[in-house]
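In our numbering, the protein residues as written are 14 to 254. Read through the structure below, which is laid out as structure tokens, and then see the notes.
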Amino acid sequence: MAAQPFKLSSKADYASFVDAFDTFMFDCDDVLWHHESPVPGVAQVLEHLRSLKKKIIFVTNNSAKSSKSFKMKFDRLGLPAEAASCTTVDEIFGSAYASAVYISSVLRLPKDEKVYVIGGTGMEEDLDEEGIQHLGGTDPADKTLDVFDITKFDRDPKVTVVLVGYDGAFNYTKLAKAMQYLTRNAGCRFLAANEDSTYPVEGGQLLPATGSLTAPLRYITKADPILVGKPSQAMMSAIRT
14 MAAQPFKLSS
24 KADYASFVDA
34 FDTFMFDCDD
44 VLWHHESPVP
54 GVAQVLEHLR
64 SLKKKIIFVT
74 NNSAKSSKSF
84 KMKFDRLGLP
94 AEAASCTTVD
104 EIFGSAYASA
114 VYISSVLRLP
124 KDEKVYVIGG
134 TGMEEDLDEE
144 GIQHLGGTDP
154 ADKTLDVFDI
164 TKFDRDPKVT
174 VVLVGYDGAF
184 NYTKLAKAMQ
194 YLTRNAGCRF
204 LAANEDSTYP
214 VEGGQLLPAT
224 GSLTAPLRYI
234 TKADPILVGK
244 PSQAMMSAIR
254 T
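This is the structure:
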């Protein structure tokens with residue numbers, strides 16, 4: 014049975030709630046900030062939790078940014094307010110970083126094996142931080158509208174993971190290459206940074222997100238990816254490592 018929500022209505026309720034936990038996890042978009050504006054009171058809440066020596070972890074399914082890029086946003090928005098207790102990269106688990114940690118620490122990908130990336134610079138930066146070889150991603154050869162010619166495709170036998178994250182330059186070439194690796198490289202794992210079908214943008218509009226990009230590969234391979242973003246167990250495994 015799912016836990017029922019409850020309302021905190023007094024200072025004593027708040028104090029009891031905070032005392033009951035050692036670690037607090039926060040989503041980011043529309044919880045800590047709205048686009049480039051921090052939610053009122055968030056900085057004070059973080060400072061209060063830090064003053065009580067609570068562990069704080071920030072999780073987000075946004076795979077477009079690396080942990081370092083998220084850190085820059087925290088600093089830019091003044092979260093938390095005091096520089097002496099500023100947010101560190103180790104506290105931030107974007108789904109790009111969680112994917113990289115999952116690959117290196119849970120899958121324990123050998124150093125000579127590679128990841129084919131459908132994603133952007135944020136995902137590449139976090140893979141680099143974990144010392145993981147990768148191809149695809151922002152490579153100009155993959156960011157093309159030219160017709161994909163399989164006779165000219167040099168399939169790399171060292172690719173043993175296909176990782177899909179948000180990719181604003183998603184195209185047929187990337188889809189075709191990912192398909193080749195998943196169906197022709199024996200044992201190649203299929204990972205998705207999250208399964209969000211859409212993401213919100215300013216003005217209340219929605220755009221396709223990672224889950225929409227994994228859909229054709231699911232249809233092609235008749236298999237579901239390992240989901241790394243929240244609320245998956247893989248995200249929790251990455252945080253614990």
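The beta carbon of each residue, even a glycine, is placed where N, CA and C say it ideally should be.
Residue i versus residue j: straight-line alpha-carbon distance, rounded
i, j, result
"residue 61", "residue 37", "12 angstroms"
"residue 97", "residue 67", "Bear in mind that the predicted position of residue 97 carries a pLDDT of just 40, short of 50, making it unreliable; the figure below should be weighed with that in mind. Approximately 16 angstroms between the Cα atoms of the pair."
"residue 23", "residue 30", "11 angstroms"
"residue 184", "residue 159", "10 angstroms"
"residue 204", "residue 69", "26 angstroms"
"residue 161", "residue 189", "8 angstroms"
"residue 217", "residue 164", "44 angstroms"
"residue 207", "residue 246", "12 angstroms"
"residue 53", "residue 248", "28 angstroms"
"residue 76", "residue 237", "19 angstroms"
"residue 197", "residue 63", "50 angstroms"
"residue 151", "residue 18", "43 angstroms"
"residue 253", "residue 86", "24 angstroms"
"residue 57", "residue 41", "16 angstroms"
"residue 167", "residue 230", "20 angstroms"
Three-way DSSP call (helix, strand, coil) for residue i in this model
i, result
"residue 316", "Here the chain has residues from 14 to 254 only, and residue 316 is not among them."
"residue 94", "Below a pLDDT of 50, predicted positions are generally treated as unreliable, and residue 94, at 36, falls in that range; no measurement from the model is reported."
"residue 109", "helix"
"residue 205", "strand"
"residue 5", "In the structure displayed, the chain extends from 14 to 254; residue 5 sits before or after that span and is not available."
"residue 117", "helix"
"residue 229", "helix"
"residue 48", "coil"
"residue 26", "helix"
"residue 246", "helix"
"residue 65", "coil"
"residue 88", "helix"
"residue 77", "coil"
"residue 181", "coil"
Per DSSP, the bridge partner or partners of residue i
i, result
"residue 219", "213"
"residue 147", "128"
"residue 175", "129 and 203"
"residue 38", "70"
Buried or exposed by the 16-neighbour rule on C-beta atoms within 10 Å, applied to residue i
i, result
"residue 199", "exposed"
"residue 28", "exposed"
"residue 44", "exposed"
"residue 149", "buried"
"residue 50", "exposed"
"residue 193", "buried"
"residue 95", "Note that residue 95 scores 39 on pLDDT, short of 50, meaning its location in the model is unreliable; the coordinates nonetheless yield the value given after this. Exposed, because fewer than 16 other Cβ atoms sit within 10 Å of the Cβ of residue 95."
"residue 91", "exposed"
"residue 137", "buried"
"residue 172", "buried"
Within the chosen definition, does the stretch 106-114 reach the stretch 237-244 through at least 3 CB pairs nearer than 8 angstroms? yes
With three or more beta-carbon pairs closer than 8 angstroms as the criterion, would you say the stretch 122-136 touches the stretch 171-184? yes
Stretch-stretch touch, CB-based, cutoff 8 angstroms, three pairs: the stretch 117-127 with the stretch 136-148: yes
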